[in-house]
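S.K.:
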Amino acid sequence: MSRTFYLFRGCLIPTRLPFLERSSIFVLDKMKVHYEPLPGATCCVEPIGLRSLAVDTWLVAAARLLSIAEENDRDILTLCNGCLMSLKEAKHALKSQKIRDRVNEVLAGIGRRYTGKTEIIHLVDLIAKRRTALDELVVKRGTGMRVAIHPGCHLVRPTKLTSYDQSYYTRALSEIASSLGAEVVAEEDWPNCCGGGVSNVNEVLSSKVLDELIDEFATAGANCILTPCPFCFVQFDLRQKRGMPVLYFSEFLALALGASSEEIGLRYHKTKVVV
Amino acid sequence: MKKSVFDPMLLTAIREVWSDLTLWECHQCGQCSAVCPSLSHGGIRIREIIERVMLGAINVEKEDAIWSCMMCQSCTERCQLDVNPSFIVTLVRNLASERGHIPKHYLEEARLFIRTGLSFPKTGLTKKMRSEMKLDDIDIDQKTMDEVKFIVNRTRLGRLGL
Numbered sequence: 000m001s002r003t004f005y006l007f008r009g010c011l012i013p014t015r016l017p018f019l020e021r022s023s024i025f026v027l028d029k030m031k032v033h034y035e036p037l038p039g040a041t042c043c044v045e046p047i048g049l050r051s052l053a054v055d056t057w058l059v060a061a062a063r064l065l066s067i068a069e070e071n072d073r074d075i076l077t078l079c080n081g082c083l084m085s086l087k088e089a090k091h092a093l094k095s096q097k098i099r100d101r102v103n104e105v106l107a108g109i110g111r112r113y114t115g116k117t118e119i120i121h122l123v124d125l126i127a128k129r130r131t132a133l134d135e136l137v138v139k140r141g142t143g144m145r146v147a148i149h150p151g152c153h154l155v156r157p158t159k160l161t162s163y164d165q166s167y168y169t170r171a172l173s174e175i176a177s178s179l180g181a182e183v184v185a186e187e188d189w190p191n192c193c194g195g196g197v198s199n200v201n202e203v204l205s206s207k208v209l210d211e212l213i214d215e216f217a218t219a220g221a222n223c224i225l226t227p228c229p230f231c232f233v234q235f236d237l238r239q240k241r242g243m244p245v246l247y248f249s250e251f252l253a254l255a256l257g258a259s260s261e262e263i264g265l266r267y268h269k270t271k272v273v274v
Numbered sequence: 000m001k002k003s004v005f006d007p008m009l010l011t012a013i014r015e016v017w018s019d020l021t022l023w024e025c026h027q028c029g030q031c032s033a034v035c036p037s038l039s040h041g042g043i044r045i046r047e048i049i050e051r052v053m054l055g056a057i058n059v060e061k062e063d064a065i066w067s068c069m070m071c072q073s074c075t076e077r078c079q080l081d082v083n084p085s086f087i088v089t090l091v092r093n094l095a096s097e098r099g100h101i102p103k104h105y106l107e108e109a110r111l112f113i114r115t116g117l118s119f120p121k122t123g124l125t126k127k128m129r130s131e132m133k134l135d136d137i138d139i140d141q142k143t144m145d146e147v148k149f150i151v152n153r154t155r156l157g158r159l160g161l
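Chains G and Y, in that order, give the protein sequences.
By numbering that gives the first Met the number 0, the letter at position 261 of the first sequence is numbered 260, and the numbering carries on one by one without gaps.
By numbering that gives the first Met the number 0, the letter at position 120 of the second sequence is numbered 119, and the numbering carries on one by one without gaps.
1) Give me the Cβ distance between F119/Y and R15/G, rounded to the nearest whole Å; I'm assuming they're in contact under 8 Å.
2) If distances are taken between C-alpha atoms only, which option among S178/G, T117/G and K159/G comes closest to T142/G?
3) Determine the extent of the alpha helix (DSSP H) in which E174/G is found, giving its start and end residues.
4) For C82/G, which residues in the same chain have their Cβ closer than 7 Å to its Cβ, ignoring the five residues on either side in sequence?
5) Residues of chain Y with CB closer than 8 Å to the CB of F313/G, please, in chain order.
6) For a cutoff of 8 Å on Cβ pairs, would you count D236/G as touching chain Y?
7) Going by C-alpha to C-alpha distance, which of G257/G, F248/G, A60/G and V273/G sits closest to A127/G?
8) For G116/Y, does the count of other Cβ atoms within 10 angstroms reach 16, so buried, or fall short, so exposed?
9) Any idea what DSSP makes of I75/G, helix, strand or coil?
10) Using a Cβ-Cβ cut-off of less than 8 Å, give me the residues of the segment 25–55 of chain Y that come near chain G, in sequence order.
11) In chain G, which residues lie with their C-beta within 7 Å of the C-beta of S3/Y?
12) Does the CB of A107/G have a neighbour CB from chain Y at under 8 Å?
13) Should I47/G and M70/Y be called a contact, given that it needs their Cβ atoms to be closer than 8 Å?
14) Using the C-alpha atoms, what's the distance from F25/G back to S166/G?
15) Which residue's Cα is closest to the Cα of E101/Y: V155/G, N199/G and I75/G?
16) In terms of DSSP beta bridges, what is R145/G paired with?
17) Tell me, please, which residues DSSP counts as bridged to H121/G.
18) Opposite I224/G in the DSSP bridges: which residues?
19) Can you list the alpha helix (DSSP H) stretches of 4 or more residues lying completely in the segment 41–77 of chain G, in chain order?
20) Is any beta-carbon of chain Y found at less than 8 Å from that of M0/G?
21) Are the segment 51–64 of chain G and the segment 88–96 of chain G touching by the rule of at least three beta carbon pairs closer than 8 Å?
22) Based on DSSP bridge pairs, tell me the residues matched to F7/G.
23) Skipping 5 residues on each side, what residues in its chain have a beta carbon closer than 8 Å to that of V171/Y?
24) Could you tell me whether any Cβ in chain G is nearer than 8 Å to the Cβ of K121/Y?
25) So with CB distances below 8 Å, who are the chain Y contacts of C10/G?
26) Have a look at L159/Y and V32/G and give me their C-alpha separation to the nearest angstrom.
27) Alpha carbon to alpha carbon, how far is R111/G from E108/Y?
28) Examine chain Y for any beta-carbon lying closer than 8 Å to the beta-carbon of Y5/G, and answer yes or no.
29) According to DSSP, is E35/G helix, strand or coil?
30) Can you tell me whether DSSP reads D135/Y as helix, strand or coil?
31) Would you mind working out which of I150/Y, Q30/Y, F5/Y and N152/Y sits nearest Q79/Y, comparing C-alpha positions?
32) Ordered along the chain, which non-local residues of its own chain (more than five positions away) have a Cβ less than 8 Å from that of L106/Y?
33) Kindly indicate the opening and closing residues of the alpha helix (DSSP H) around S208/G.
34) Give me the chain Y residues within the contact set of P13/G, using Cβ-Cβ distance strictly less than 7 Å, ordered along the chain.
35) Buried or exposed for M84/G, going by 16 or more other Cβ atoms inside 10 Å?
36) Does Q72/Y get closer than 8 Å to chain G when you measure Cβ to Cβ?
The following block contains the structure:
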């Protein structure tokens with residue numbers, strides 16, 4: 000079972016957070032996951048701002064990405080909660096024959112066609128399915144980290160579309176973190192919003208949401224935040240006032256798999272991480 | 000709550016953007032508001048927005064609250080009747096955008112997407128970090144850009160005149 004995935008990097012990670020791409024690649028290579036970059040990749044379309052301006056543009060652009068993967072019989076592996084939601088919601092909407100016909104009418108103009116064969120999977124869910132393989136590769140356990148788990152909204156909601164049975168009390172990330180020796184001190188029963196969705200539109204509102212969240216983590220005794228979403232990562236790393244370090248999911252894994260902080264670029268974090 | 004009808008054609012306009020709506024199932028139970036992080040910090044009042052959409056009591060050219068939704072999908076997850084409140088907000092935002100009410104940041108993001116196919120800019124720092132991390136240059140080829148342009152021109156984004 001070694002299907003090759005199309006790795007869809009999105010926009011935010013390759014442009015602003017390339018070090019997250021580096022640690023993700025480190026983990027995928029170590030775990031012998033076969034992948035290639037998705038050819039002809041563009042923005043997913045970003046589901047908070049851009050989709051709010053034009054839903055049909057979102058739908059056709061997302062269908063185009065999925066159709067490229069279909070053409071080569073590949074599934075899509077994403078590193079970003081936003082891309083996951085955008086593509087999954089598009090796939091869901093495209094189940095309607097009426098919508099699919101309209102989208103395909105536009106896609107025909109660029110010689111493409113959407114059929115709905117491709118699956119979309121987030122790195123967290125890929126790793127969760129390969130826990131045994133991960134355990135065998137771990138070289139560094141028990142790092143003294145007391146982590147606060149922050150799944151991010153779009154990994155788990157809406158459950159109609161994600162791989163989670165329920166959107167509250169989800170444990171996938173906590174279980175992975177614990178098995179790698181971190182002490183999980185804070186979990187969100189109803190996964191919280193980081194405030195990132197309005198950070199560029201309503202800064203006051205955004206910081207209120209963010210500050211409240213960080214206060215909860217601090218009260219629980221966390222010394223580090225673990226998140227699989229690059230948008231949440233930016234909120235925590237750049238906009239947070241308390242100075243609590245954050246690790247993106249693949250960084251956390253890469254460290255446990257023996258990567259040095261140098262090779263995965265932890266120096267690029269604004270809120271410094273000491274490991 | 001402001002109940003005066005402002006735009007009697009609002010629902011019709013929304014259905015033109017997206018015809019598959021279940022809005023009328025809404026019982027105004029308020030579970031959406033109960034889990035809304037924006038509302039609890041003084042942002043959007045989501046239950047009220049749904050009601051006002053049905054009543055046509057929104058001036059989309061001026062309603063700032065619609066841009067205070069974080070799209071966390073809590074309301075959509077919680078709604079027992081599958082009204083999908085966060086998507087209704089997306090649709091109202093589509094109408095607002097069509098009538099020129101777009102936050103500056105999203106306007107820039109849209110222009111960037113049209114020009115480069117990405118929603119975030121490739122800067123000098125991007126190039127530096129990518130080369131230090133031994134990663135490729137994420138160049139988008141001309142064929143892909145032609146396809147993006149084609150899609151934009153054939154959909155709403157192209158009609159916004161950005």
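No residue lacks a Cβ here, since even glycine has one placed at the ideal position from N, Cα and C.
M.R.: A quick look at the data gives this:
1) The Cβ separation is near 6 Å, so the contact holds.
2) Checking every option, the nearest Cα to that of T142/G belongs to S178/G.
3) Run containing E174/G: A171 to S178, per the alpha helix (DSSP H) assignment.
4) In its chain, beyond the 5 residues on either side, F7, G9 and C43 have a beta carbon closer than 7 Å to the beta carbon of C82/G.
5) Because chain G is modelled from 0 through 274, residue 313/G falls outside the range shown and cannot be assessed.
6) No, no contact with chain Y.
7) Of the candidates G257/G, F248/G, A60/G and V273/G, F248/G places its Cα closest to the Cα of A127/G.
8) Here G116/Y is buried, its C-beta having at least 16 other C-beta atoms within 10 Å.
9) Three-state result, I75/G: strand.
10) For the segment 25–55 of chain Y, which is checked against every Cβ of chain G, the residues closer than 8 Å are V34, P36, S37, H40, G41 and G42.
11) Using a Cβ-Cβ cut-off of 7 Å, S3/Y is close to nothing in chain G; its nearest Cβ partner there is about 26 Å away.
12) Not one chain Y Cβ lies under 8 Å of A107/G.
13) Yes, they are a contact pair.
14) Spanning the two alpha carbons is a distance of roughly 29 Å.
15) According to the sequence provided, residue 101/Y is Ile. The question's Glu does not apply to it. The closest CA to that of I101/Y, considering only V155/G, N199/G and I75/G, is found on N199/G.
16) Residue pairing from DSSP places R145/G in a beta bridge opposite E182/G.
17) For H121/G, the beta-bridge partners assigned by DSSP are T77/G.
18) Per DSSP, A147/G and V245/G.
19) The segment 41–77 of chain G contains these whole alpha helix (DSSP H) runs: 49–52 and 54–70.
20) Low confidence applies to M0/G: its pLDDT is 44, below 50, so where it sits in the model is not reliable, and the reading given next is rough at best. Closer than 8 Å: no.
21) These segments touch.
22) Paired residues: T77/G.
23) This structure does not reach residue 171/Y, given that chain Y is present from 0 up to 161, and the question cannot be answered.
24) Interface residue, yes.
25) Ordered by position in chain Y, the residues that pass the 8 Å Cβ test against C10/G are L117, S118 and F119.
26) Taking the straight line from one Cα to the other gives about 42 Å.
27) So the two alpha carbons sit approximately 26 Å from each other.
28) For Y5/G, the answer is no, since every Cβ of chain Y falls outside 8 Å of its Cβ.
29) Strand at E35/G.
30) Three-state DSSP puts D135/Y in coil, outside helix and strand.
31) The residue with the shortest Cα to Cα distance from Q79/Y is Q30/Y.
32) The beta carbon of L106/Y sits closer than 8 Å to the beta carbons of L161 from its chain, once the five residues preceding and following it are set aside; these are given in chain order.
33) Here residue 208/G turns out to be Val, not Ser, going by the sequence shown. Per DSSP, V208/G belongs to the alpha helix (DSSP H) from E202 to T218.
34) Simply I137.
35) With 16 or more Cβ atoms within 10 Å of its Cβ, M84/G is classed as buried.
36) True, the Cβ-Cβ gap to chain G drops below 8 Å.
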